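K.L.:
Take this structure first; my questions come after.
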Amino acid sequence: MPLLSIRDLVEADFPSVAALSRSLGRTCNPGLWRGGECRLVISSAETGVVAWARAHYWDPQDPLASAGFYLGGVEVAPNYQGLGLAHRLSRARLAWVAERATDAYCVVNSRNAASIALQRSLGFVEQARAARFGTVEFSGGEGILFRRELQSSDASAGSRTFTIEIKDQ
């Protein structure tokens, strides 16, 4: 059972995050992310980076989507999916946002059932649907704008170090 921890992403993690994204058929370039964002990874000495997530301030200049702090991308390595890592990263991001604002937002492709279920489990409520929000365009469907009012209890992210058991596939 690897001992995993949530920690801030550092520049040395950029290649691992990009490789994880490519392994999922996606692309991300953490070198383009701005400073002052919440940028997190889950890693261990044995496995390296197995998940990443970010949150940031965004002003989409969109009549439906307010300026504010948005949960951005989250990706989890295939062997670690279904273990609650995205949920742990999201709680940590909500704690970061709660130190800065009273609301958190996110946008999700309406065809991404896993992400929709994650947002709802975290207490996000659907605000609007559209083909695009700001610069984010949803190919093959529509996007959902979610909002969550934050409480003072959200500022506590809980333990950042934890152990998980990986069952053989």
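If you're matching positions, the sequence shown starts at 119 in the working numbering and goes up one per residue.
Idealized CB from N, CA, C, for every residue including glycine.
The structure displayed is predicted, hence computed values, not measured ones.
(1) Using a Cβ-Cβ cutoff of less than 6 Å, which residues in the same chain neighbour Pro181 once the five nearest sequence positions on both sides are dropped?
(2) With a threshold of 8 Å, are at least 3 pairs of Cβ atoms found where one atom belongs to the stretch 232-241 and the other to the stretch 169-185?
(3) Should the stretch 208-225 be regarded as contacting the stretch 132-150, the criterion being three or more beta carbon pairs within less than 8 Å?
(4) Please state whether the Cβ-Cβ distance between Phe256 and Phe242 is less than 7 Å.
(5) With DSSP collapsed to three states, give me the class of Phe132.
(6) Span of the beta strand (DSSP E) holding Gln237?
(7) Nearest to Phe187 by CA position, among Val194, Pro196, Arg172 and Ala195, is which residue?
(8) Quick check: Pro120 and Glu155, are their CB atoms within less than 7 Å of each other?
(9) Is it the case that the Cβ atoms of Ile124 and Ala183 are separated by a distance below 7 Å?
(10) Taking CB distances under 7 Å as the criterion, tell me whether Gly200 reaches chain B.
(11) Express the C-alpha separation of His205 and Asn147 in angstroms, rounding to a whole number.
(12) Return helix, strand or coil for Asp286, following the three-state DSSP convention.
(13) Going by C-alpha to C-alpha distance, which of Gly252, Gln269, Leu207 and Asn230 sits closest to Leu122?
(14) Among Val167, Gly191, Gly200 and Glu267, which residue has its Cα nearest to the Cα of Ala130?
(15) Buried or exposed for Ser161, going by 16 or more other Cβ atoms inside 10 Å?
P.N.:
Taking the structure as given:
(1) So no residue of the chain qualifies.
(2) The answer is no - the stretch 169-185 does not touch the stretch 232-241, with fewer than three Cβ pairs under 8 Å.
(3) At 8 Å Cβ cutoff, the stretches do not touch.
(4) Phe242 is positioned such that its CB atom lies no closer than 7 Å to that of Phe256.
(5) In this structure, Phe132 counts as helix in the three-state DSSP scheme.
(6) Run containing Gln237: none in the beta strand (DSSP E); it sits in the alpha helix (DSSP H), Ala231 to Ser239.
(7) Selection Val194, Pro196, Arg172 and Ala195 evaluated against Phe187 yields Arg172 as nearest (Cα-Cα).
(8) Not in contact: Pro120 and Glu155 (Cβ atoms no closer than 7 Å).
(9) The answer is no: Cβ separation not under 7 Å.
(10) Here chain B cannot be found, since the structure has a single protein chain.
(11) So the alpha carbons of these two residues sit roughly 22 Å apart.
(12) At Asp286, the pLDDT of 45 sits below 50, so the modelled position is not reliable; the number obtained from the coordinates is stated separately. In the structure shown, Asp286 sits in coil (DSSP, three-state: anything other than H, G, I, E or B).
(13) Considering only Gly252, Gln269, Leu207 and Asn230, the residue with the shortest C-alpha distance to Leu122 is Leu207.
(14) Checking every option, the nearest Cα to that of Ala130 belongs to Val167.
(15) Classification of Ser161: buried, given that the 10 Å Cβ count is 16 or more.
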